[in-house]
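The structure under discussion appears below in the form of structure tokens.
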Amino acid sequence: MEHFFTCPYCWQNISMIFDESEECSEYIEDCEVCCRPIEIFFRFEYGEISSFRANVMEGI
Ligand SMILES: [Zn+2]
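Written as structure tokens, this is what we have:
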């Protein structure tokens, strides 16, 4: 599943492919525009994204 969101650093609209086999996941993904590390959290419910967060990584 592809999901669009705004990078918390450069405010560009970027997309990400989620693994729907994971119910809930938290990981670091580099922005495809500014290459800075974004802290991603998502949760799936009934095949839909019920919760999504893209945060600035602390300590940068
Ligand atoms: Zn960015």
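Mind the numbering: the sequence shown is residues 257 to 316 in the numbering used here, read in order.
Backbone N, C-alpha and C define an ideal beta-carbon position, used for all residues, glycine too.
Inter-residue spacing [alpha-carbon to alpha-carbon] between residue i and residue j
i	j	result
residue 290	residue 267	10 Å
residue 300	residue 283	15 Å
residue 288	residue 257	17 Å
residue 261	residue 315	22 Å
Opposing strand residues paired with residue i [DSSP bridges]
i	result
residue 319	A query on residue 319 cannot be resolved here, the shown segment of the chain reaching from 257 to 316 and no further.
residue 258	273
residue 306	Answer is none; residue 306 lacks a bridge partner.
Coil, strand or helix - residue i by DSSP
i	result
residue 266	coil
residue 314	coil
residue 278	coil
Residue i: first and last residue of the uninterrupted beta strand (DSSP E) it sits in
i	result
residue 274	Here residue 274 belongs to no beta strand (DSSP E), and DSSP marks it neither H nor E.
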